[in-house]
Amino acid sequence: MLFFLFQFYNSFLPGYFLIFFYMIYLFWIWVNDRKIIKKIITKNTSLIVLGTLFLVTLVVKPYYDVFREYDAARNIRDAVHFALQPEDLIYPNEHTIFEPLLLQVSNIRKYAKTDEIKSGYIGLIFSMLSIFSIFYVIKKIKKKNILENSFLITGLLGLILSFGPALHFARETIHKPFLIILPYAIFYYIIPGFSGFRNSSRWEMLFIFSIAVLVSIVLSSILKNNKKSFIIYSLLIIGIVAEYNFPMKFYPVRQIKNFPQSYKWLSSTPKNSVYITMPIYNWNSPNYAIELEREYYSTQDFRKTVNGYSGFSPKSWQEDVLYLFRNFPENESILRIKKMGVNYIIVNKAEYDKLYKNKYYTFGNGDFVRSELNKNSNLFLKDKFEDTYIFGFNN
Numbered sequence: 186m187l188f189f190l191f192q193f194y195n196s197f198l199p200g201y202f203l204i205f206f207y208m209i210y211l212f213w214i215w216v217n218d219r220k221i222i223k224k225i226i227t228k229n230t231s232l233i234v235l236g237t238l239f240l241v242t243l244v245v246k247p248y249y250d251v252f253r254e255y256d257a258a259r260n261i262r263d264a265v266h267f268a269l270q271p272e273d274l275i276y277p278n279e280h281t282i283f284e285p286l287l288l289q290v291s292n293i294r295k296y297a298k299t300d301e302i303k304s305g306y307i308g309l310i311f312s313m314l315s316i317f318s319i320f321y322v323i324k325k326i327k328k329k330n331i332l333e334n335s336f337l338i339t340g341l342l343g344l345i346l347s348f349g350p351a352l353h354f355a356r357e358t359i360h361k362p363f364l365i366i367l368p369y370a371i372f373y374y375i376i377p378g379f380s381g382f383r384n385s386s387r388w389e390m391l392f393i394f395s396i397a398v399l400v401s402i403v404l405s406s407i408l409k410n411n412k413k414s415f416i417i418y419s420l421l422i423i424g425i426v427a428e429y430n431f432p433m434k435f436y437p438v439r440q441i442k443n444f445p446q447s448y449k450w451l452s453s454t455p456k457n458s459v460y461i462t463m464p465i466y467n468w469n470s471p472n473y474a475i476e477l478e479r480e481y482y483s484t485q486d487f488r489k490t491v492n493g494y495s496g497f498s499p500k501s502w503q504e505d506v507l508y509l510f511r512n513f514p515e516n517e518s519i520l521r522i523k524k525m526g527v528n529y530i531i532v533n534k535a536e537y538d539k540l541y542k543n544k545y546y547t548f549g550n551g552d553f554v555r556s557e558l559n560k561n562s563n564l565f566l567k568d569k570f571e572d573t574y575i576f577g578f579n580n
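186 is the number of the first residue of the sequence shown in my numbering; add one for each residue after it.
Spelled out as structure tokens, the structure:
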């Protein structure tokens with residue numbers, strides 16, 4: 186329960202993973218031996234469950250209140266858009282040496298560039314072990330191995346949920362002979378909180394976690410008394426490592442002492458200060474990953490900000506972000522920012538240069554944006570750090 190609590194506090198999605206597994210596991214126990222249920226449901230376990238639910242509620246309640254306030258349910262079309270399709274299971278990323286071959290097999294060139302294709306490939310060795318383990322357990326499912334059956338069903342459920350609300354194939358929704366509605370569509374409407382998830386393809390993680398455990402159980406059972414088990418395990422490990430397309434990529438993470446000067450400056454502002462960093466990005470905007478870096482930098486000052494990365498994004502907030510991305514630094518956009526209660530506008534000139542160069546932003550480059558802000562009577566230049574300008578509002 187403590188593990189569940191930590192996972193749920195970190196992210197709601199792994200919390201749902203664990204809930205689904207517990208429910209499936211208890212279902213198999215109830216089907217096979219109801220006497221065990223009585224041994225499990227004791228006074229102590231009941232108190233632990235109630236205590237855990239209470240602690241979870243402390244986190245869920247604020248989220249639920251904000252959810253209701255902003256009517257922040259994700260449109261089910263988001264889940265459709267981000268869903269895996271069966272052919273995506275052989276669509277690779279750059280981390281496998283088989284990428285060129287798999288791209289030919291998946292015939293990816295026949296799709297338009299606007300089709301968003303997602304990598305669902307999980308590696309050759311792991312794919313083969315998964316298929317073998319699934320059929321191995323299905324073949325002996327009547328032998329009532331509760332643990333194997335639980336991980337099998339949980340894994341298959343995760344795979345099916347990763348396909349989203351309706352089955353797609355060749356980038357099209359299957360309509361003939363009829364629309365194939367999947368469990369995700371039902372869960373979206375009946376399970377609390379499910380409508381808040383945007384990326385249905387992430388449920389493939391539940392499949393991977395569950396099947397990985399199932400593979401280990403099956404291999405342990407088959408190779409238990411096999412003298413060559415060490416050799417077999419070694420070959421499997423070598424095969425998995427050999428498939429990886431080296432060198433590994435690492436992303437630099439700045440130390441606090443190397444954070445941008447603008448965030449150090451924010452630390453000197455009143456604690457109730459609110460700021461916005463421009464350009465601002467929505468989750469589907471170009472260069473949206475910059476918001477993740479900004480979120481990390483904000484841990485130095487923890488001032489309130491309009492910006493954010495993924496996760497919770499109410500419709501009204503997304504509308505504001507898209508409007509500001511398109512219309513900043515027009516006067517109406519400045520007044521809109523002021524109405525939000527913002528005290529400081531942080532403008533990154535270099536980012537506007539890139540957006541303008543790549544034609545994502547049409548007003549002008551960073552110098553144009555800075556010039557327009559200097560002309561605006563509602564603003565004054567508060568400070569400057571290299572290519573970053575901080576503007577405050579005139580009273």
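We treat Cβ as the ideally placed atom computed from N, Cα and C, and that holds for glycine.
Check                                                                                                                                                     : Outcome
Just curious, the beta strand (DSSP E) that Thr-454 is in, first and last residue?                                                                        : No beta strand (DSSP E) holds Thr-454; DSSP gives it neither H nor E.
When you compare the stretch 450-466 with the stretch 524-544, are there three or more beta-carbon pairs, one atom per stretch, that lie closer than 8 Å? : yes
Considering only residues of the same chain and omitting the five flanking positions on each side of Trp-213, which have a CB-CB separation below 7 Å?    : Ile-331, Asn-334, Ser-335
Run through DSSP, which three-state label would Lys-489 get?                                                                                              : strand
Run the CB neighbour count on Thr-547, radius 10 Å, all protein chains shown included, and call it buried at 16 or more, exposed below.                   : exposed
Per DSSP, which one or two residues make a beta bridge with Asn-533?                                                                                      : Thr-573
Quick one: complete alpha helix (DSSP H) runs, 4+ long, within the stretch 339-379?                                                                       : 368-375
Is Thr-358 near the ligand ATP, in the sense that its beta carbon is under 7 Å from a heavy atom of that ligand?                                          : Absence of the ligand ATP from the depicted structure is noted, as is the absence of any ligand whatsoever, leaving it without description.
Can you find at least 3 beta carbon pairs, one from the stretch 467-487 and one from the stretch 242-253, that sit closer than 8 Å?                       : no
What separation, rounded to the nearest whole angstrom, lies between the Cα atoms of Ser-419 and Leu-404?                                                 : 13 Å
Rounded to whole angstroms, what is the Cα-Cα separation between Gly-526 and Thr-237?                                                                     : 37 Å
Going by DSSP, name the residue or residues bridged to Tyr-647.                                                                                           : There is no way to answer for residue 647, as the model of the chain reaches only from 186 to 580.
In whole angstroms, what is the alpha-carbon distance linking Val-438 and Phe-444?                                                                        : 10 Å
Could you give the distance in angstroms between the alpha-carbon of Glu-478 and the alpha-carbon of Tyr-494?                                             : 9 Å
Whose C-alpha, out of Val-216, Phe-189, Leu-203, is nearest the C-alpha of Met-390?                                                                       : Leu-203
Could you spell out the range, first to last residue, of the alpha helix (DSSP H) harbouring Ser-401?                                                     : 389-407
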